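Undergrad: Residue numbers (the numbering used here): 43 to 443.
The beta carbon of each residue, even a glycine, is placed where N, CA and C say it ideally should be.
Just so it is clear, the structure is predicted and the values come from calculations on it, not from any experiment.
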Ligand SMILES: Cc1cc2nc3c(=O)[nH]c(=O)nc-3n(C[C@H](O)[C@H](O)[C@H](O)COP(=O)(O)OP(=O)(O)OC[C@H]3O[C@@H](n4cnc5c(N)ncnc54)[C@H](O)[C@@H]3O)c2cc1C
C-alpha cells in the first residue's frame, strides 16, 4: 500500500455489512491491500446486524468456518437437520431429512447480530485490511487505472484510490447509482414480522415453512429449544399486526402456523420489514462491481439473500487465484456470477409467488407440486441443492441421494 497524501489500495469495499465484512475476511489470503469503509457508528452497528434470524446454507456454514468467523459466534449456530414444508388448507407437504441425503445437516441458523459481531471481530484481526468506520463514501470518480472515492468521516473529508471498488453498500447502493447502473423494483406488498418464540415442543433441528395466501410463516430451530419465528403479512394488514400485544400476536401466529410445535407459550420483541425485490440491471462497470444487497435484494422466503451474497464474495476471491489483471476483473466477475445469480433469483421469486395465488393455477396444483417434491428423489434433490447453497455448482452430485 502506498503511503501518500491520497492512499491507494488494491480493493476498496464500500459497506461493512454481512457481505462486505465477509469479503474482507475472504480477501486476506490474497495478500492484496484492501480497505473496508462503513458508515455505521461502529463496526458492530451496521443496520443488518439486527435480530433477524439467518438460515445459512451448508455451503455458507463451511465457508464461514474456513474464514474463521463461526468460532467467533457468541452462540453456536443451530443445525437444521430436517425441513418440513406445507401449505395452509392443502394436502401436500414435503418432509426432508439431511441424513437421507448423506449429510449431517442442511444448514444452520444464526442471529444476524451475532454473525455481524463475529465478522467485526475477525475483520479487526486482518493484517491486509484497513477498516475505516464510521466513514461514508459520498462520491466516486473514474480514474485511468482505478477509482477515486470521496469519504466523509469524523476526521473530515478525504479521498482514497483503489484499482477495484466493490459496492457492498446495500439496497440503496451509492456505488451502483454512481456507476449508472439501473434497478428493477417490484413490491411484493408484504411485510415480514420476525421474533423469537417459545412453544410447547422444544425445537429439535426441524425448520418449518408453511405457505398461505398471505405469504409464508416459518419456524427456524434456535439454541436452547427456542425458535426464530417469521411471519409474512399482506402490507394492508401490517399496522394491525404491528399493534398487537404479545398475547394477541402469539394467537395470530398460532392460527397462521398451526400446531406442529404445540401451543405457542411466549413471543419476544417483534421487528418488521417491508418486502421489495430490487435487482441491479448489471453487476459490473469499469473497475467496479456489486455484490450482496447492492446487486440483488430479494424476498427472504427462500433464505437466499446472504447466502447468495457470500457466494458473490467467494466468486470474486476465486478469480484472484490466477495472476490478476485488474482491468478485466469486474467483467470476469459478472460472467462468473451470472448463472448462480439467475437461477437463485428465479428460485427465490418463484417461491415468493408460489406462496400466494400467482404462479400456479389452483390450490390442488400447488398441493400436487409439494407432494411431488417430497415423493420424487430427483425433484427433492433439486430443492435440497438450493437449500444447501450448491445451486449451479458441480458439487451438487455430492448431496444428491
Ligand atoms: C427479515 C429478513 C430475514 C432474512 N433471512 C435470511 C436468511 O435466512 N438467509 C439469508 O441468506 N438471507 C436472509 N436475509 C437477507 C440478508 O439479511 C441480506 O441479504 C444481507 O444482510 C445483505 O447484506 P449486505 O452486506 O449485502 O447489505 P447490508 O446489510 O445492507 O449492508 C450494507 C452496508 O453498507 C453500508 N453503507 C451503505 N452506504 C454506504 C456508503 N455510502 N458508505 C459507507 N458505507 C455504506 C451500510 O451502513 C450497511 O452496513 C434476510 C433478510 C431479512 C430482511
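1) Please go through the same chain and pick out, in chain order, the residues whose beta-carbon is closer than 6 Å to the beta-carbon of residue 63, but skip the five residues on each side of it.
2) Just to confirm, are residue 168 and residue 352 a CB contact at a threshold of 9 Å?
3) Take residue 56 and list the residues in its own chain whose beta-carbon comes closer than 6 Å to its own, dropping the five residues that flank it on each side.
4) Please state the DSSP three-state secondary structure of residue 384.
5) In the DSSP assignment, find the alpha helix (DSSP H) that holds residue 217 and state where it starts and stops.
6) Tell me, please, whether the stretch 233-252 touches the stretch 302-314 by the rule of three or more beta-carbon pairs shorter than 8 Å.
7) Here's a check: name, in chain order, each residue in its chain whose Cβ is nearer than 6 Å to the Cβ of residue 276, leaving out the five neighbours to either side.
8) Per DSSP, residue 147 forms a beta bridge with which residues?
9) Just verifying my parser: in three-state terms, what is the DSSP assignment at residue 74?
10) By the DSSP assignment, the alpha helix (DSSP H) with residue 360 in it spans what residues?
11) Run through DSSP, which three-state label would residue 102 get?
12) Under DSSP, the beta strand (DSSP E) around residue 283 begins and ends at which residues?
13) Quick check: what's the CA-CA separation for residue 223 versus residue 157?
14) From this set, 175, 150, 368 and 199, which residue's C-alpha is nearest residue 329's C-alpha?
15) Hey, residue 146 and residue 123: beta-carbon distance below 9 Å or not?
16) Quick one: using the 10 Å Cβ neighbour count with 16 as the cut-off for buried, is residue 268 buried or exposed?
17) In whole angstroms, what is the alpha-carbon distance linking residue 113 and residue 228?
18) Can the beta-carbon of residue 339 be found closer than 9 Å to that of residue 318?
19) Excluding five sequence neighbours on each side, which residues of the same chain lie with their C-beta closer than 6 Å to the C-beta of residue 259?
20) Apart from the five residues on each side of it in sequence, which residues of its chain come closer than 7 Å, Cβ to Cβ, to residue 76?
21) Let me check understanding here. Comparing Cα to Cα, which of 359, 294, 370 and 362 lies closest to residue 326?
TA: Checking against the coordinates, here is how it stands:
1) Here residue 63 refers to the residue found at position 21 when the chain shown is read from its first residue. 161 and 165.
2) Along the chain shown, read from residue 1 onward, the residue named residue 168 stands at position 126. Along the chain shown, read from residue 1 onward, the residue named residue 352 stands at position 310. Contact: no.
3) Residue numbering aside, residue 56 sits at position 14 when the chain shown is read from its first letter. Hits under 6 Å: 79, 179, 209, 211 and 217.
4) Against the chain shown, residue 384 aligns to sequence position 342. It is helical.
5) For this step, residue 217 is matched to residue 175 along the chain shown. Its alpha helix (DSSP H) spans residues 216-220.
6) yes
7) By one-based count along the chain shown, residue 276 stands at place 234. 256.
8) The residue given as residue 147 occupies position 105 in the chain shown. BP columns for residue 147 are empty, so no partner.
9) As a first step, residue 74 must be located in the chain shown, where it is residue number 32. Residue 74: coil per DSSP, three-state reduction.
10) In the chain shown, the residue the question calls residue 360 occupies position 318. Per DSSP, residue 360 belongs to the alpha helix (DSSP H) from 347-361.
11) Position 60 of the chain shown holds residue 102. In the structure shown, residue 102 sits in a helix (DSSP, three-state: H, G or I).
12) On the chain shown, residue 283 is found 241 positions in, with the first residue counted as 1. Residue 283 -> not in any beta strand (DSSP E); alpha helix (DSSP H) instead, spanning 280-284.
13) Looking up residue 223 in the chain shown gives position 181. Looking up residue 157 in the chain shown gives position 115. Each residue's alpha carbon lies about 30 Å from the other.
14) Taking the first residue of the chain shown as 1, we reach residue 329 at position 287. Comparing Cα-Cα distances from residue 329 to each of 175, 150, 368 and 199, the minimum goes to 368.
15) For the purposes of this step, residue 146 is identified with residue 104 of the chain shown, where counting begins at 1. For the purposes of this step, residue 123 is identified with residue 81 of the chain shown, where counting begins at 1. Yes, the Cβ-Cβ distance between residue 146 and residue 123 is below 9 Å.
16) Numbered from its first residue, the chain shown carries residue 268 at position 226. By the neighbour-count rule (16 or more Cβ atoms within 10 Å), residue 268 is buried.
17) Locating residue 113 in the chain shown gives position 71, where the first residue counts as 1. Locating residue 228 in the chain shown gives position 186, where the first residue counts as 1. Looking at the two C-alpha atoms, the distance is approximately 38 Å.
18) One-based indexing of the chain shown puts residue 339 at position 297. One-based indexing of the chain shown puts residue 318 at position 276. Their beta carbons are under 9 Å apart, which means residue 339 touches residue 318 by this criterion.
19) By 1-based counting over the chain shown, the position of residue 259 is 217. These residues qualify, in order along the chain: 252, 273, 298 and 299.
20) Locating residue 76 in the chain shown gives position 34, where the first residue counts as 1. Same-chain partners within the cutoff: 51, 52, 53, 55, 66, 69, 170 and 171.
21) The count along the chain shown starts at 1 and reaches residue 326 at position 284. Of the candidates 359, 294, 370 and 362, the one whose C-alpha sits nearest the C-alpha of residue 326 is 370.
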